[in-house]
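Take a look at the structure set out below.
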Amino acid sequence: MAKTKIVATIGPASESEEVLRSMIIAGVDVLRFNTKHNEPEWHGEVIERARKISKEEEIPVGILVDLQGPEIRINTPDKKPIVVRKDQLVTFSMTGENGAVQVPTKEIYGAITVGDVVLIDDGKYMFNIVEADKEFFVAKSVDDYEIGNRKGMNIPGVRIDLPSLTGRDFKMLDMAEKVQPDFVALSFVRDAHDIEILRNELKQRDINSHIVSKIEGKQAVENIEHIIDLSDAVMVARGDLGIELPLEQITYWQKLIIKRCRLASKPVITATEMLQSMVENPRPTRAEVSDVSNAVFDGTDATMLSGETATGMYPLKTVQMMETIATFNEGKNFVPSVKFSETANQTRAITHAVMDIVDQSKDFDIDAVVVFTETGRTARDLSRFRPHVPIYAITEDEKTRNQLNLSYGVIPYLVSLPDGVVLEIDKVIAVLKERGIVLSGRRVIFVHGDHWKIPGLTNTITIKEIQ
1 MAKTKIVATI
11 GPASESEEVL
21 RSMIIAGVDV
31 LRFNTKHNEP
41 EWHGEVIERA
51 RKISKEEEIP
61 VGILVDLQGP
71 EIRINTPDKK
81 PIVVRKDQLV
91 TFSMTGENGA
101 VQVPTKEIYG
111 AITVGDVVLI
121 DDGKYMFNIV
131 EADKEFFVAK
141 SVDDYEIGNR
151 KGMNIPGVRI
161 DLPSLTGRDF
171 KMLDMAEKVQ
181 PDFVALSFVR
191 DAHDIEILRN
201 ELKQRDINSH
211 IVSKIEGKQA
221 VENIEHIIDL
231 SDAVMVARGD
241 LGIELPLEQI
251 TYWQKLIIKR
261 CRLASKPVIT
271 ATEMLQSMVE
281 NPRPTRAEVS
291 DVSNAVFDGT
301 DATMLSGETA
311 TGMYPLKTVQ
321 MMETIATFNE
331 GKNFVPSVKF
341 SETANQTRAI
351 THAVMDIVDQ
361 SKDFDIDAVV
371 VFTETGRTAR
381 DLSRFRPHVP
391 IYAITEDEKT
401 RNQLNLSYGV
411 IPYLVSLPDG
421 VVLEIDKVIA
431 VLKERGIVLS
441 GRRVIFVHGD
451 HWKIPGLTNT
461 ITIKEIQ
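So the sequence shown is numbered by UniProt numbering: it starts at 1 and just counts up by one.
Shown next, in the form of structure tokens:
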């Protein structure tokens, strides 16, 4: 079992009970539902199907609802592809009249200026703006293109004051209120205010989900510290990030964001085109294998599959390949350490003490750490140090268990213990042995508090050899 977690996107290729079950058994930890596609009813139905399978197989799976967020899309004349030649001038306007390409997003016209760059269809087509007005702009084509209808538009480096949540997002949040996902991802995060807006919406709907902030633009990387602070988890969404920033910067930002998330004990997902060729082929390219391996070496908590499992021909093989790559490379000691000196203001004494023991485990021969947790905080604090031993997180809260499925090296269990029994460690061991969580002959660190159901009171370390 890989310590690096796998997030898999669900779509037509993976929505069936058979494929979902095979992927969960193969090692998927979190299922992502991209609300850009399909209606709320579809998402709700497949989420319930996945939870049914998870319960039957007794394998915890987190559910991530990914909100679409604000997008700018073009409407071509007559909704047909248009052919554009190099240096040709193309008019874009609010109305699309007189043969212009329609861009019905009014907020962009007051934001753009002459000299700005326009990118269409994930950056495939580039234009330079040569004239800008309140309701239209004219741009010169950089090359020969054929551009289809409803393609996305990006204007790198330009702040466009679009609402962070759209009408479609609110419909999906209504669905989320019913299914109570473990995570809600916010697209195109610009600053801390965007996160506060979503958190208020979740609170109003009584949705107890962790917020995953997707880093996709220049404003996000400029505000990365505040975004990490206010988020529960972060996604390095390299697709749009590679459009908004120069391509040569993507690897740098990936590594920096992963490190800062680890310092803050916030799970981080590395996403986009990790095994993209497996959409059509049963084996990945060497470059893709290297990409996944390097994300593991960076210390990412999770790697994500998008089209590979949503629409690809080989969803199960892709999951198995991701698991194989991660498992092999985790053991090669390239994952950079997070030093206590770097986390001096954020590391609790209990975490420091546990890691001191684990680091000296050649003398103590420690086989695992068992953490009793209500919110998952202690398990996440330990996870960021990437210990070489597994972290078994014991909780009575199903939501906490599923959310810990996103944290590197954490194996969460739902275990019910009578009040106070956690103080009687032999009784705890008996319960854990019965569940197969700890085995005879193993030396284990137990981390808990006097009242394990009260968050923030973890204060006890016990080392026991399991009889």
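Yeah, the Cβ is synthetic: ideal placement off N, Cα and C, and Gly gets one too.
Everything numeric in this text was worked out from a predicted model, so none of it was measured.
* **Simplified DSSP assignment, three categories, for Met126** => strand
* Compute the Euclidean distance between the alpha carbons of Asn208 and Ile59, then round it to the nearest angstrom. => 21 Å
* Run of the beta strand (DSSP E) containing Leu186, from where it starts to where it stops -> Phe183 to Leu186
* Asked: To which residues of the same chain is Glu135 closer than 7 Å at the C-beta, ignoring the five residues directly before and after it?
  -> These residues qualify, in order along the chain: Ser93, Met94 and Tyr109.
* **Length of the line joining the Cα atoms of Pro70 and Gln360** => Near 50 Å, if we compare the C-alpha coordinates of Gln360 and Pro70.
* Helix, strand or coil at Asn312 [DSSP, three-state] -> In the sequence as displayed, the identity of residue 312 is Gly instead of Asn. In the structure shown, Gly312 sits in coil (DSSP, three-state: anything other than H, G, I, E or B).
* To do: Please determine, among Ala430, Val130 and Ala326, the residue with the shortest C-alpha to C-alpha distance to Lys5.
  => Ala326
* Would you report the Cα separation of Arg51 and Gln249, rounded to the nearest angstrom? -> One Cα belongs to Arg51, the other to Gln249, and the distance between them is close to 39 Å.
* Mind checking who Val358 pairs with in its DSSP beta bridge? => Beta-bridge pairing links Val358 to no other residue.
* Selected residue, minimal CA-CA separation from Val236, among Glu273, Val65, Ile391 and Ile466 -> Glu273
* **Span of the beta strand (DSSP E) around His448** => Element bounds for His448: Arg443 to Gly449.
* Asked: Rounded C-beta distance between Thr76 and Val114? I'm assuming under 8 Å.
  -> Contact flag wrong, Cβ pair sits at about 24 Å.
* Between Thr303, Thr91, Gly441 and Thr378, which lies nearest to Val410 when the distance is taken from Cα to Cα? -> Thr378
* To do: Output the distance between the C-alpha atoms of Trp253 and Val221, rounded to the nearest integer angstrom.
  => 8 Å
* Would Ile112 be called buried (16 or more neighbouring beta carbons within 10 Å of its own) or exposed? -> buried
* Asked: Helix or strand or just coil, what does DSSP make of Ser164?
  -> The answer is coil: DSSP assigns Ser164 none of H, G, I, E or B.
* Leaving out five residues before and five after Val370 in sequence, what residues of the same chain have Cβ atoms less than 6 Å from its Cβ? -> Within the same chain, Tyr392, Val444 and Phe446 come within 6 Å of Val370 by CB-CB distance, once the 5 residues on both sides are set aside.
* Asked: Going along the chain, which residues of its own chain have a beta-carbon closer than 6 Å to the beta-carbon of Gly242, five neighbours each way excluded?
  -> Ile250.
* Asked: Per the contact definition of three or more C-beta pairs closer than 8 Å, is the region 316-336 in contact with the region 15-23?
  -> yes
* Residues in its own chain within less than 8 Å of Ile366 by CB, not counting five upstream and five downstream? -> Ile357, Val358, Val389, Arg443, Val444, Ile445 and Ile463
* To do: Return the CA-CA distance between Pro12 and Ala185, expressed in angstroms with no decimal places.
  => 21 Å
* Asked: Mind checking Phe385: buried by the 16 CB within 10 Å criterion, or exposed?
  -> Of the residues assessed, Phe385 falls on the buried side of the cut-off, its CB having 16 or more other CB atoms within 10 angstroms.
* Does DSSP put Val118 in a helix, in a strand, or in coil? -> strand
* Measure the alpha-carbon distance for Gly441 versus Leu417 and round it to whole angstroms. => Roughly 23 Å separates the two Cα atoms.
* To do: Starting from Ile211, trace the beta strand (DSSP E) both ways and give me its first and last residue.
  => Run containing Ile211: His210 to Ile215, per the beta strand (DSSP E) assignment.
* Whole-angstrom Cβ separation of Lys3 and Tyr408, contact assumed at under 8 Å? -> 5 Å
* Candidates His226, Asp161 and Glu201: closest to Leu67 by CA position -> With distances taken between Cα atoms, Leu67 lies closest to Glu201.
* Asked: Gly44 lies in the beta strand (DSSP E); which residues open and close that run?
  -> Where Gly44 is concerned, there is no enclosing beta strand (DSSP E), although the alpha helix (DSSP H) around it starts and stops at Pro40 to Glu57.
* Asked: With burial defined as no fewer than 16 other Cβ atoms inside 10 Å of the residue's Cβ, what is the status of Leu275: buried or exposed?
  -> buried
* **Distance CB(Gln403)-CB(Asp182) smaller than 7 Å** => Against a cut-off of 7 Å, the Cβ pair of Asp182 and Gln403 comes out as a contact.
* Going by C-alpha distance, which of Phe127, Val61, Ile195 and Leu165 is nearest Ile147? -> Phe127
* **DSSP three-state assignment for residue 536, whether helix, strand or coil** => Outside the displayed range of the chain (1 to 467) lies residue 536, so it cannot be described from this structure.
* Give me the Cα-Cα distance between Asn345 and Ser337, rounded to the nearest whole angstrom. => With a pLDDT of 49 at Asn345, under the threshold of 50, the modelled position of that residue is not reliable, and the figure given next carries that caveat. Spanning the two alpha carbons is a distance of roughly 17 Å.
* Asked: Which residue comes first and which comes last in the beta strand (DSSP E) that contains Asn34?
  -> Per DSSP, Asn34 belongs to the beta strand (DSSP E) from Val30 to Asn34.
* Asked: Asp301 and Val268: beta carbons closer than 7 Å?
  -> yes
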